[in-house]
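Enquirer:
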Amino acid sequence: MPAELPASQFVARPSAARVVERTRRVRLGDVDVDAALRLDATARYLQDVATDDAAEAALGNTYGWVVRRTMIEVHSPARLGERVDVATFCSGTGRSWAERRTVIEGNHGASIDAVALWIRVDPISGRPTGLGDDFLEVYGPSANGRRISTRLQLDDPPSDAVARPWVVRRSDLDPLGHVNNAAQWAALEEVIGARLGVAEVEHRAPVEAGRDLDLLVSHDGDPIRAWLVADGIVRTAMRCYGHEKG
Numbered sequence: 004m005p006a007e008l009p010a011s012q013f014v015a016r017p018s019a020a021r022v023v024e025r026t027r028r029v030r031l032g033d034v035d036v037d038a039a040l041r042l043d044a045t046a047r048y049l050q051d052v053a054t055d056d057a058a059e060a061a062l063g064n065t066y067g068w069v070v071r072r073t074m075i076e077v078h079s080p081a082r083l084g085e086r087v088d089v090a091t092f093c094s095g096t097g098r099s100w101a102e103r104r105t106v107i108e109g110n111h112g113a114s115i116d117a118v119a120l121w122i123r124v125d126p127i128s129g130r131p132t133g134l135g136d137d138f139l140e141v142y143g144p145s146a147n148g149r150r151i152s153t154r155l156q157l158d159d160p161p162s163d164a165v166a167r168p169w170v171v172r173r174s175d176l177d178p179l180g181h182v183n184n185a186a187q188w189a190a191l192e193e194v195i196g197a198r199l200g201v202a203e204v205e206h207r208a209p210v211e212a213g214r215d216l217d218l219l220v221s222h223d224g225d226p227i228r229a230w231l232v233a234d235g236i237v238r239t240a241m242r243c244y245g246h247e248k249g
């Protein structure tokens with residue numbers, strides 16, 4: 004069976020396999036001017052529950068993980084003060100990578116689906132490394148034999164894309180001096196304004212501190228597309244299509 008495109012569909016939650024759940028409340032720092040949960044805050048929720056899952060799995064700190072692609076679909080946005088349940092599970096694997104599904108549901112009707120492709124890397128060399136039997140023992144049952152590729156799906160910017168500077172803040176940086184994955188979603192949030200629906204972000208190369216960074220935008224209809232570019236290299240590609248917030 005050929006490997007499927009990564010982080011491109013929302014597979015169903017397994018009925019009898021590992022699922023890690025957390026409950027949190029949507030705070031003031033998570034929402035936009037309409038009191039709706041922002042995409043960058045949603046991405047932080049995904050990172051937090053993934054970190055908790057990895058810690059509980061107790062596989063050790065021998066390896067690190069780098070997110071390659073994430074897709075988020077907002078069916079109904081979470082609102083300020085809403086209590087949301089965040090559930091995550093492994094939905095597919097490859098040689099050195101795994102797909103993670105996350106579902107966010109709120110007590111006032113919030114409904115958000117997400118899926119992300121993560122690459123397992125050696126923390127010293129930064130090179131991909133195999134998942135190993137210990138990983139598959141914990142996460143294999145929920146993946147259920149589903150194989151995924153690492154193929155990226157978003158296009159390069161067209162020649163007529165509009166560019167503007169994008170400033171990297173110190174608060175955006177992680178311990179490696181790279182812009183945190185969730186912080187890069189803030190660029191897409193800036194572009195789409197009052198839109199929601201399906202949003203995709205692909206991380207092609209690290210966004211590092213000290214580089215001159217441009218945000219390129221193409222408003223050639225639906226979807227809206229955007230890119231973070233440094234030194235002529237696309238670091239992050241983004242796409243959003245959907246409907247207006249209700």
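For the sequence shown, my numbering assigns the number 4 to the initial residue and increments by one for each residue that follows.
Where a beta carbon is used, it is the ideal one built from N, C-alpha and C, also for glycine.
1. For I195 and S145, I'd like the C-alpha separation in whole angstroms.
2. Could you give the distance in angstroms between the alpha-carbon of P126 and the alpha-carbon of D33?
3. Output the distance between the C-alpha atoms of E85 and A185, rounded to the nearest integer angstrom.
4. Quick one: is G249 buried, meaning 16 or more other Cβ sit within 10 Å of its Cβ, or exposed?
5. From which residue to which residue does the beta strand (DSSP E) around D137 run?
6. Going straight from the alpha carbon of T132 to that of V70, what length do you get?
7. Apart from the five residues on each side of it in sequence, which residues of its chain come closer than 8 Å, Cβ to Cβ, to P161?
8. Can you look up L157 in the DSSP assignment and give me helix, strand or coil?
9. Between the C-alpha atoms of D163 and L219, what's the straight-line distance to the nearest angstrom?
10. Quick check on L31: does DSSP put it in helix, strand or coil?
11. Pick out whichever of E59, L40 and R154 has its Cα sitting closest to the Cα of V87.
12. Which whole-angstrom value describes the C-beta separation of V23 and V52, a residue pair presumed to lie in contact below a C-beta threshold of 8 Å?
Expert: In terms of the structure at hand:
1. 34 Å
2. If you take the alpha carbons of P126 and D33, they lie about 30 Å apart.
3. 21 Å
4. Its pLDDT being 41, under 50, G249 is placed unreliably in this model, and the coordinates cannot settle the point.
5. Note, D137: premise wrong, no beta strand (DSSP E); alpha helix (DSSP H) at G135 to A146.
6. 14 Å
7. For P161, where only same-chain residues beyond five positions count, the Cβ hits under 8 Å are S221 and D223.
8. coil
9. 9 Å
10. helix
11. L40
12. 6 Å
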